[in-house]
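The structure appears right after this line, and notes come after that.
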Amino acid sequence: MKSQIAKLNAYQPGLSPKALKAKYHIEGELYKHASNENVFGPSPKVKEAIQTSMDDLFLYPEPNAPQLQKAIAKHLEIEPERIIFGAGLDEMIVIISRTLLRAGDKVVTSEATFGQYFHNAVVEDANMVQVPLKHGSYDLDAIAEAVDKDTAIVWLCNPNNPTGTYHSHEAIEAFIKKIPANVTIILDEAYGEYVTAADFPRTLELMETYPNVAMLRTFSKAYALAALRIGYMVTTKTLASKLNVLRPPFNTTRLSEQAALAALKDQAHLQKAVAINQREREKFYEIDTNLKLYPSQTNFVFVETSEATKLNQALLQAGIIAREFPNGVRITIGFPEQNKVIREVLAQF
Ligand SMILES: Cc1ncc(COP(=O)(O)O)c(C=O)c1O
Numbered sequence: 001m002k003s004q005i006a007k008l009n010a011y012q013p014g015l016s017p018k019a020l021k022a023k024y025h026i027e028g029e030l031y032k033h034a035s036n037e038n039v040f041g042p043s044p045k046v047k048e049a050i051q052t053s054m055d056d057l058f059l060y061p062e063p064n065a066p067q068l069q070k071a072i073a074k075h076l077e078i079e080p081e082r083i084i085f086g087a088g089l090d091e092m093i094v095i096i097s098r099t100l101l102r103a104g105d106k107v108v109t110s111e112a113t114f115g116q117y118f119h120n121a122v123v124e125d126a127n128m129v130q131v132p133l134k135h136g137s138y139d140l141d142a143i144a145e146a147v148d149k150d151t152a153i154v155w156l157c158n159p160n161n162p163t164g165t166y167h168s169h170e171a172i173e174a175f176i177k178k179i180p181a182n183v184t185i186i187l188d189e190a191y192g193e194y195v196t197a198a199d200f201p202r203t204l205e206l207m208e209t210y211p212n213v214a215m216l217r218t219f220s221k222a223y224a225l226a227a228l229r230i231g232y233m234v235t236t237k238t239l240a241s242k243l244n245v246l247r248p249p250f251n252t253t254r255l256s257e258q259a260a261l262a263a264l265k266d267q268a269h270l271q272k273a274v275a276i277n278q279r280e281r282e283k284f285y286e287i288d289t290n291l292k293l294y295p296s297q298t299n300f301v302f303v304e305t306s307e308a309t310k311l312n313q314a315l316l317q318a319g320i321i322a323r324e325f326p327n328g329v330r331i332t333i334g335f336p337e338q339n340k341v342i343r344e345v346l347a348q349f
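Here's what the structure looks like:
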């Protein structure tokens, strides 16, 4: 076995609502607000698309979801060959790390960000450098300083999970300018569809000037297809063709391709979910509380507190399963009724 695997643990999911109820003797309903899923669900067209695909279950999928590739290319006005699919971005991160990282290469990102960047860097025996957050955001200046001649990848989670904060087009472009062109800068925009800030990076435009920049998007979040595991990367045709060497031939499924196609076509449904999320999100910033809520552009809010366990327990007792971190609690925005309960807990805490 690779010695570095000994240093890692398998991903630990949170307890199920049933297990939590038993553990903490909770009587009423428990609502899951721990994994940033979109509780409003996908477009109704998705179910129809899946039904139609049922007759083809015995067939392998077409490699790299070509129908979806074409549809996304048209939607984004780019060439289809620049798009590569993973069984969720989780798998895309595996493929990217496996392709780009040699033992001893350096990977730079922030502390308190999406854990899979670290996990896969360790698997590839790369050296991970994680720069502390500054006021809940990526410290782009410090990250630029940490980049050196050994650096292969910079991961920028924008907006960041778990803090929900983002950097603007201007800030990201200024950062890119400081980074050598042989370093791949990956903007993980898993929550990109939820962003309503007008100055959010126009990443495709940046990629025209800086071909070392790549973008990740997923159908798991705002498109509400987390169960089906499909996400994608946009990069140069050259890098996409090399990543395709490492992509398992049938990594995404016929069902996920057809479901994502239907979800993509129903932009009205997506926009409805985004608008409700924005309205609900804004209400969190009107709570009368001493707690610090980082400004979020996502479908979750991060509450900074030195009493994270206590706050998490208070939420649980009110029927809300949130996600605890050492310096706070991340809470997914869900249905208005549950959001109201969450805000009441925060106001009283
Ligand atoms: C920032 C970020 N990137 C990537 C992922 C992986 O998403 P998926 O594998 O569902 O596409 C997540 C999931 O929570 C995430 O928060």
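Mapping of the sequence shown onto the UniProt record's numbering: position 216 corresponds to residue 216, and the numbering continues sequentially without gaps. Yeah, the Cβ is synthetic: ideal placement off N, Cα and C, and Gly gets one too.
Here H135 is exposed: its Cβ has fewer than 16 other Cβ atoms, across all protein chains shown, within 10 Å. Boundaries of the beta strand (DSSP E) around V108: 106-110. Within the DSSP secondary-structure output, K292 pairs in a beta bridge with E304.
With fewer than 16 other Cβ atoms inside 10 Å of its own Cβ, G115 counts as exposed. The region 158-173 and the region 192-211 touch, with three or more beta-carbon pairs separated by less than 8 Å. M1 has its alpha-carbon roughly 17 Å from the corresponding atom of R102. One thing to note: A214 has its Cβ no nearer than 8 Å to the Cβ of I172.
With 16 or more other CB atoms across the displayed protein chains lying within 10 angstroms of its CB, T235 is buried.
About 14 Å separates the Cβ atoms of V303 and L316, ruling out a contact at the 8 Å cut-off. With contact defined as three or more Cβ pairs closer than 8 Å, the region 14-32 and the region 227-234 are not in contact.
When only Cα atoms are considered, R343 and A190 end up about 25 Å apart. Taking the Cα positions, R330 is about 37 Å away from S53. In the pairwise beta carbon analysis, the region 61-71 is classified as touching the region 248-257: at least three pairs are separated by under 8 Å. The three-state reading of DSSP puts L20 in helix, counting H, G and I together. Relative to ligand 1, G231 has its C-beta within less than 7 Å of a heavy atom. In the three-state reduction of the DSSP assignment, K7 falls in the helix class. The three-state reading of DSSP puts S137 in strand, counting E and B together. Taking the Cβ of N182 as the reference point, every heavy atom of ligand 1 lies at 7 Å or farther away. Of the heavy atoms belonging to ligand 1, at least one sits nearer than 7 Å to the Cβ of D188. One alpha carbon belongs to I78, the other to N312, and they sit about 44 Å apart.
For the region 253-297, the full-length alpha helix (DSSP H) segments reaching 4 residues or more read 254-265, 267-284 along the chain. Note: Y191 is not bridge-paired with any residue in the DSSP secondary-structure output.
Take the alpha-carbon of A19 and the one of I333: they are about 22 Å apart. Here the region 215-224 lies against the region 35-46, with 3 or more beta-carbon pairs under 8 Å apart. Sequence-distant partners of P336 (beyond 5 residues in either direction) whose C-beta falls short of 7 Å from its own C-beta, in its chain, are E280. Three or more beta-carbon pairs drawn from the region 242-249 and the region 83-94 are found closer than 8 Å, and the two stretches are therefore classed as touching. Membership of M233 in the beta strand (DSSP E) is indicated by the continuous run 231-234.
Using a Cβ distance threshold of 8 Å, T109 and L133 do not count as a contacting pair. Counting only runs that start and end inside the region 145-208, the alpha helix (DSSP H) elements of at least 4 residues fall at 169-178. Pairing S43 with Q69, the inter-Cα distance amounts to about 19 Å. For D90, the CB falls within less than 7 Å of some heavy atom of ligand 1.
Taken from the Cβ of S3, every heavy atom of ligand 1 lies 7 Å or farther away. A126 and T99 have their alpha carbons spaced roughly 12 Å apart. Cβ contact annotation for Q67 (same chain, cutoff 7 Å, sequence separation greater than five): E257, L261, in chain order.
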